[in-house]
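Residue numbers (UniProt numbering), protein chains in the order written: chain A, 1 to 292; chain B, 1 to 456; chain C, 1 to 289.
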Amino acid sequence: MTGSRLRAPAGADSTTTTRSARSRARVGADIALVVIGLCFMAPLLWLLLAAVDPQAGYQTTVPSTPSTDNFRAVLTPELLFRPLANSFLLSAGTAVVNVLVAVLAAYPLSRYQSRFNKPFMYTVLFGTSLPVTAIMVPVYGLFVQLQLLDSMAATIFFMATTTLPMAIWMTKNFMDSVPLELEEAAWMDGASNMAALRTVVLPLMRQGLGVVFIFVFIQAWGNFFVPFILLLSPSKQPAAVSIFSFFGQHGAIAYGQLAAFSILYSVPVLVLYAVVSRGMGNSFALSGAMKG
Amino acid sequence: MRRPVKNVAVRFSAIVSVVALLVAVTSCSPTPEATQSKTLKIVYQKTDSFTALDAVMQDAKKEFEAANSGVTVDLQPIQANDDDYGTKLSLAQRSADTAPDVFYEDTFKVRSDVDAGYLLKLDSYLEKWDDWSAFNEAAKAAGRADDGGIYAVPLGTDTRAIWYNKAVLQKAGVSLPWQPKTWDDILTTARAIKASDPNVIPFNMYAGKGTGEGTVMQSFYELLYGTDSTLYDEKEKKWVVGSLGFTDSLAFLKTLYDEKLAVSPAEALDANVWKKVFGEWFPQGKLAATVEGSYTPSFWQKGGAYEWPGYEQDMAVAMFPTQKGQEPGGVSMSGGWTLAVGAKSKNPELAFQFLTTALNKKNALAYDINNSQIAVRTDVASEPQYLAANPFVKDVSDLVKVTHYRPATADYPRISSAVQVATEAVITGKQSPEDAAAEYDATVRKLVGEDKVLEK
Amino acid sequence: MTIRRSLRLLPVVPSILLLLLFLLAPVVWSFYASFTDASLSGKAARDPQWVGADNYVRMFSDDSFPLAAWLTVVFVAASAVLGQNVLGLLIALLMTRSRRAVSSLVGTAVVAAWVLPEIVAAFAAYAYFNRDGTLNQLLGVVGGQGPDWLYSFPMVAIVLANTWRGTAFSMLVYRAALADVPRDISEAALVDGAKGWQRLTYITLPLIRSSIATNLMLITLQTLAVFTLIWVMTAGGPANASTTLPVLAYQEAFKFGDIGYGTAVASVLILLGMVFGAVYVRLLREQRP
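See below:
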């Protein structure tokens with residue numbers, strides 16, 4: 001860092017000035033942050049209050065007769081459980097494919113020097129910048145041609161591909177941080193590359209893989225547009241899509257149920273995010289993943 | 001780096017198997033349905049306010065499976081509004097694997113989907129179906145395509161009329177029964193209602209893209225077809241542009257919205273506004289009158305989405321007038337939905353049989369009553385049970401005399417959308433009626449080409 | 001030797017296959033289909049014809065495309081470059097000098113909007129900006145009479161909503177970047193009597209400029225692709241006043257069944273993405289020689 005040369009001699013006087021200035025700055029910063037935080041909370045407040053208000057409208061009000069009616073109304077197999085199970089299948093499938101393919105791809109990229117590595121990594125990076133909504137029209141056309149429409153498996157592979165560039169990038173960075181010496185020791189003992197990968201490298205980057213898995217899972221869980229276009233049978237619709245048709249149909253009336261549904265659908269990803277951020281520190285491994 | 005050679009082989013095989021798996025799963029993932037026992041896939045629409053068809057399909061499934069052992073009927077109700085249902089259906093039809101065997105199809109899409117090769121020609125099947133003779137002539141024509149063949153069988157039909165709340169009109173001092181003779185009559189009454197109670201919506205007519213096909217069927221076409229102009233010249237097979245009637249119709253909507261005789265433009269653009277019409281405003285006496293379909297009682301009758309005991313006493317029907325009272329004195333629009341067999345069906349014979357089961361007298365009767373449809377089977381139309389289904393059956397059936405049908409051409413859906421855009425521009429104040437009409441003309445010319453438009 | 005070398009790269013094959021099949025093929029197909037009249041219904045559905053550049057000609061003679069392109073630029077500039085980026089940086093800066101409890105609590109609030117499934121966030125924003133919604137309630141408290149945001153100011157509503165939803169990303173990036181800035185630098189400047197503003201522009205920002213560049217590229221690309229938020233809140237209305245390119249592509253292709261024209265719009269969007277993507281890759285390469 002070039003900046004460290006700027007270090008100033010710290011005298012006793014200046015420390016006092018610094019401290020009082022700092023505490024003044026701190027109060028100001030606290031107040032500003034609280035105001036911003038409240039602004040960010042405001043739209044969510046409606047969701048929380050409407051969910052327990054059987055008479056909910058678009059107004060944010062404390063319910064006069066709070067109840068769990070809304071939750072009970074949406075807790076049905078057709079409305080909630082099957083879509084959630086579909087969401088889970090799609091997200092978990094997408095995450096598994098991602099981790100599997102990304103680990104395979106990241107291994108040679110991380111372990112061998114090759115002229116192929118750099119162009120590949122930059123191509124992958126380039127892939128992260130494709131606007132997925134823009135390719136949905138052609139992807140629909142492709143799915144028709146290949147007769148993959150309304151197939152869960154194909155949708156999983158497609159969704160996995162859209163997050164794959166990011167997953168490869170993250171996985172390679174995590175793998176780079178596992179020291180090569182440990183593997184070399186395993187090779188000495190006669191282990192194959194794949195065996196070394198499985199027994200030495202993967203356990204050491206378990207946490208990183210968890211991050212990739214959850215990162216992909218959360219993205220897939222919230223994805224609305226892809227299943228909306230590619231899955232047609234009502235029995236295969238994930239929650240993101242069923243909540244949309246629910247809204248379209250009940251929109252004028254059942255605000256409370258919509259809010260309750262939204263909350264139940266959001267809880268799993270909120271929990272997963274909490275798990276990751278606790279394990280990895282608040283920056284969600286972003287610095288490692290994004291800065292490259 | 002030292003690496004044992006044998007591992008290359010192991011690694012290779014491991015990887016190849018993964019790749020093979022990937023390819024295998026991606027290429028044959030549409031789960032191959034057991035072809036031994038035959039399955040028919042039935043696609044139709046079901047919403048919280050439209051379950052009548054679902055009920056019929058459930059019954060038909062039971063009947064059909066009992067009569068045809070070894071055949072499974074796979075019912076796939078799509079939960080979506082009309083627009084999204086149309087999109088989902090077209091999305092599914094392009095691929096043989098996802099195309100349904102029997103499906104619910106709007107009459108105005110029939111020709112365009114026949115052109116696309118989605119619908120099976122039914123003539124040879126209909127010959128052998130005795131009940132076909134029970135369908136009235138208009139109904140038979142609803143499924144006819146440009147080649148003269150029949151591709152779809154209607155479930156029922158509908159007409160459109162003014163529905164008004166008698167109590168609200170009475171309070172405003174309007175003498176009942178109310179039957180406006182001209183557009184001006186409507187405005188006069190609406191202004192009177194507004195003057196007597198500013199909180200009441202006097203006369204609503206849909207506009208904008210939010211209500212989709214409802215905007216044209218339950219609003220704009222009632223106006224346009226009541227002028228001296230029209231949308232499409234059936235003889236010349238050309239689209240009409242530059243007509244005074246089109247501008248006048250837009251101007252009428254503008255008057256309604258500008259004088260706040262209709263709902264606010266923001267409410268009008270909400271795709272769910274019609275639910276408020278049926279579910280809140282009419283029953284609560286907040287709306288005096290609107291243009292809606294003959295199926296209106298299906299929402300209010302027992303078991304409907306917005307049950308309203310006593311609607312029979314409060315509500316009444318009036319014919320929508322022509323612009324200046326010219327002949328024939330009134331306007332109505334008819335549409336309706338059909339059942340059709342997919343051209344890609346592997347079991348066309350069975351699929352057609354299912355269609356006849358769903359449309360037999362018993363099921364058609366149940367559907368027409370529950371969904372307040374105008375019967376297209378003459379034997380259903382004469383059933384006392386049908387005639388007594390609601391007090392308005394006769395009123396709305398009489399409107400068949402003055403009714404119009406949409407041009408059933410392949411490019412119709414886009415023209416309809418251009419009309420909706422014009423109404424939206426006018427009621428939101430973005431364009432004057434003249435400018436919006438001019439832009440509509442330009443859009444039509446672009447869509448169908450110079451040689452298919454007519455200045456009138 | 002070369003054989004063994006290339007065999008080493010074999011595990012990369014599955015990822016290449018997937019990327020070719022599901023990312024490259026659609027892009028190629030998109031450019032191809034944009035020169036045809038492929039359609040969901042009508043004769044063209046059975047037998048699409050090559051129509052040359054007709055779709056592109058129409059695009060520029062149509063009023064809706066230039067409008068959508070302009071609205072997309074406004075949406076990206078206002079909600080990503082200005083909204084998310086500046087607000088994210090501001091929050092991250094404030095966090096460096098606030099109490100730990102405050103910053104973690106506020107951080108949670110900001111991140112919550114980002115982690116929520118996009119459709120839920122869209123519903124919440126829809127309710128918030130509704131005529132009877134929370135925003136107008138708040139304005140009512142301070143004596144204001146709020147408009148119907150989604151109808152009268154749809155762009156303002158979706159820009160604010162996207163800022164609300166996406167700021168967390170920029171905040172996280174900048175927090176990580178600021179954590180690398182040695183604390184004594186800013187303190188030293190404080191001692192020298194430098195004003196906060198000067199410290200920011202002359203010391204802090206230059207130090208994290210690579211993070212800023214990267215962040216700007218990423219959020220621009222993400223915002224370019226936003227569909228669900230707009231679709232749920234305004235569906236592109238009223239009268240196309242909030243129809244951005246992804247919404248236009250969807251409407252043309254699936255609502256009107258004009259796949260050819262829809263893919264032409266999508267192709268333009270893909271090209272835009274490619275340009276930004278190329279710049280982004282370039283930036284990263286410069287950072288790590």
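Virtual Cβ for every residue (Gly too), placed ideally from N, Cα, C.
Please read all numbers here as calculations on a predicted model, not as lab measurements.
No Cβ of chain A is located within less than 8 Å of the beta carbon of Met155(C). Within chain C, not a single residue places a beta-carbon under 7 Å from that of Ser95(B); the smallest gap is close to 12 Å. Annotated three-state conformation of Phe299(B) is helix, per DSSP.
In this structure, the straight-line span from the alpha carbon of Gly279(B) to that of Ser49(B) is close to 10 Å.
The beta carbon of Val144(A) sits closer than 8 Å to some beta carbon of chain B. With fewer than 16 neighbouring CB atoms inside 10 Å of its own CB, Met188(A) falls in the exposed class. In the structure shown, Gln323(B) falls within a coil segment according to DSSP collapsed to helix, strand and coil. With respect to the 8 Å criterion, Val43(B) and Leu91(B) are not classified as neighbours on the basis of their beta carbons. Across the set Trp281(B), Gly148(B), Ser69(B) and Ser417(B), the C-alpha of Trp281(B) shows the shortest separation from the C-alpha of Pro202(B). Taking each of Thr157(B), Leu155(B), Lys401(B) and Lys140(B) in turn and checking the Cα distance to Gly149(B), the smallest one comes out for Lys140(B).
At a Cβ-Cβ threshold of 8 Å, Leu284(C) and Thr72(C) do not count as neighbours. Asn215(C) and Ala268(B) have their C-alpha atoms spaced approximately 41 Å apart. In the three-state reduction of the DSSP assignment, Val71(B) falls in the strand class, which pools E and B. Setting aside the 5 residues that flank it on each side, Lys41(B) is surrounded in the same chain by Asp74, Gln76, Pro100 and Asp101, each with a C-beta closer than 7 Å to its C-beta; the list follows chain order. Taking the Cβ atoms as the reference, Val232(C) lies roughly 6 Å from Ile119(C), within the contact range of under 8 Å. Across the stretch 31 to 57 of chain C, CB contacts with chain A closer than 8 Å involve Ala33 and Ala38, in sequence order along the chain. Residue environment analysis places Tyr386(B) among the buried positions, since at least 16 neighbouring C-beta atoms fall within 10 angstroms of its C-beta. When DSSP states are grouped into helix, strand and coil, Trp169(A) belongs to the helix group. Phe354(B) is a Cβ neighbour of Ala60(B), given a cutoff of 8 Å. Within the stretch 407 to 436 of chain B, the residues whose Cβ lies closer than 8 Å to any Cβ of chain C are, in chain order, Ala410, Asp411, Pro413, Arg414, Ser417, Val421, Glu424, Ala425, Thr428 and Lys430. Per DSSP, Ser87(A) lies in no beta strand (DSSP E); the unbroken alpha helix (DSSP H) holding it starts and ends at Arg82 to Arg111.
Across the structure, Phe123(C) and Ala358(B) are spaced so that their CA atoms are roughly 38 Å apart.
DSSP places Met205(A) in the coil class of the three-state scheme, outside both helix and strand. For Thr161(A), the secondary structure class from DSSP, reduced to helix, strand or coil, is helix. Judged by beta-carbon spacing, Thr199(A) lies beyond the 8 Å limit of Met166(A), meaning their Cβ atoms are not closer than that value. For Phe123(C), the closest Cβ of chain B is not nearer than 8 Å. In terms of Cα proximity to Phe65(C), the closest of Val51(C), Ile212(C) and Ala241(C) is Ala241(C).
Legend: CB atoms of the stretch 101 to 133 of chain B lying less than 8 Å from CB atoms of chain C belong to residues Lys109, Ser112, Asp113, Asp115, Ala116, Gly117 and Tyr118. The beta carbon of Ser90(B) falls within 8 Å of a beta carbon belonging to chain C, placing the residue at that interface.
Shown here, Arg115(A) sits in coil according to DSSP, grouped into three states, outside any helix or strand.
Per DSSP, Gly141(A) is one residue of the alpha helix (DSSP H) stretching across Val132 to Gln145. In the displayed model, Arg131(C) falls within coil according to three-state DSSP, outside both helix and strand.
In this structure, the straight-line span from the alpha carbon of Val106(C) to that of Tyr250(C) is close to 36 Å. For Arg160(B), there is no enclosing alpha helix (DSSP H); the enclosing beta strand (DSSP E) has its first and last residue at Arg160 to Asn165. Contacts with chain C (Cβ-Cβ distance below 7 Å) from the stretch 24 to 41 of chain A involve Ala25, Arg26, Ala29, Asp30, Ala32, Leu33, Val34, Ile36, Gly37, Phe40 and Met41, listed in chain order. Here Asn204(B) is bridged, per DSSP, to Thr290(B).
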